[in-house]
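Here's the structure we're looking at; comments come further down.
Numbering (the numbering used here), first residue to last: 2 to 348.
Now the structure itself:
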């Protein structure tokens, strides 16, 4: 007995297009294509609701988003998840899709229960999880349901990923300082087990190498994405040899930069007169900091929009294994960077 896949192959269209026409969705296809599909349905004797092997599943017009370890009540205002979800909601509406948010209390619970979300309740899934164990990948691929990973730059070759260009962010931040005349540039990074941190460090190294500057490994300070890391690391530098102080610092996150600037102010120095600072992420607090923080703005809303675009393309045209869409940010110029102070010791 003919299936939707047989109809789609005979008409040269996707199974989703055939299903949409049969379900009388508005704008599913051109009038000519609709006529061709309906004629082929008649000729091939296709019966909707057939349980024959290969029959297409019923589409729900729902895109699922799986998350974990997040404060649901504050999710809309979250500086990372909020804009991405806004982009997902906005793009889903343009495709006539609803959005179903599914959360677990911990990442471990999300990994344990993830496969059950591939039970047909959604046409596609956006996974906002930091890593994916190998056994889960095998299970996901067996479901044949489109899914895309958002965040942390999963580099598994078979995964479809939409993420920030973290290498580009680290490169652009360091390059902006280099163009301002700085050569002694430190990096205050996040947790190196995070791909975002290692990517930003890679970009920092790449920029300095492009300018022919040898990297002093003692100028790279790993930590966490918070103000305490920046404050503590900066205090360590300020209480050392003044001649070893960098003239500028790339902070792997704006919160690190806020801690750095606090320590500099407490020590009686000025930003950017004595040390220039650039952050990454463009947190709203940066515009009101003293001085206002120069930073890298990430297109988080576009991440969500692109994730939906990729899911819809998979549903209509089939998956493209291993597609990686990394969106690059831009420098937001404020007042925390200037040329090096040639009168300062060690410059």
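Positions of the beta carbon are idealized from the N, C-alpha and C atoms, including for glycine.
Query	Result
For residue 109, the three-state DSSP class (helix, strand or coil)	helix
Secondary structure of residue 245, DSSP reduced to three states	helix
Within 8 angstroms, strictly: CB atoms of residue 38 and residue 22	yes
Test item: CB-CB of residue 226 and residue 253 under 8 angstroms	yes
Span of the alpha helix (DSSP H) around residue 45	32-45
Spatial neighbours of residue 268 in its chain, beta-carbon cut-off 7 angstroms, leaving aside the 5 residues before and after	239
For residue 298, the first and last residue of its enclosing alpha helix (DSSP H)	Run containing residue 298: none in the alpha helix (DSSP H); it sits in the beta strand (DSSP E), 295-298.
Per-residue burial, residue 20 [other beta carbons within 10 Å of its own, 16 or more giving buried]	buried
Residue(s) in a DSSP beta bridge with residue 102	66
Segments of 4+ residues assigned as alpha helix (DSSP H) that fall wholly inside the segment 176-253	196-211, 228-239
Residue from 129, 339, 284, 146 whose Cα sits closest to the Cα of residue 305	129
Whole-number beta carbon distance between residue 214 and residue 231, since they are thought to touch under 8 angstroms	About 23 angstroms; that fails the 8 angstroms criterion.
Residue span of the alpha helix (DSSP H) that contains residue 23, given as start and end	16-23
Backbone secondary structure at residue 1 - three-state DSSP	The question about residue 1 has no answer, for the chain in this structure spans 2 to 348.
CA nearest to the CA of residue 184, picked from 29, 317, 276	276
Residues near residue 316 in its chain [Cβ-Cβ closer than 7 angstroms; skip 5 each side]	17, 124, 125, 147
Cβ of residue 241 within 8 angstroms of any chain C Cβ	The chain labelled as chain C is not found in the depicted structure, where only one protein chain is given.
Secondary structure of residue 258, DSSP reduced to three states	helix
Residue(s) in a DSSP beta bridge with residue 277	249
Residue of 288, 264, 246 minimising C-alpha distance to residue 341	246
Of the listed residues 248, 210, 41, nearest to residue 345 (C-alpha basis)	248
For residue 82: DSSP bridge partner residues	Its beta-bridge partners do not exist; DSSP assigns none.
Cutoff 8 angstroms; reference residue 9; Cβ partners in own chain excluding five residues on either side	15, 16, 18, 19
Residue 151 beta carbon less than 8 angstroms from that of residue 64	no
Sequence-distant residues of the same chain with beta carbon closer than 6 angstroms to residue 96, five excluded per side	313
Length of the line joining the Cα atoms of residue 282 and residue 318	34 angstroms
Exposure label - residue 286; buried when at least 16 CB within 10 Å	exposed
Residues near residue 222 in its chain [Cβ-Cβ closer than 6 angstroms; skip 5 each side]	189, 234
Where residue 271 sits in the DSSP three-state scheme	coil
8 angstroms CB neighbourhood of residue 137 in its chain, flanking five on each side removed	112, 115, 116
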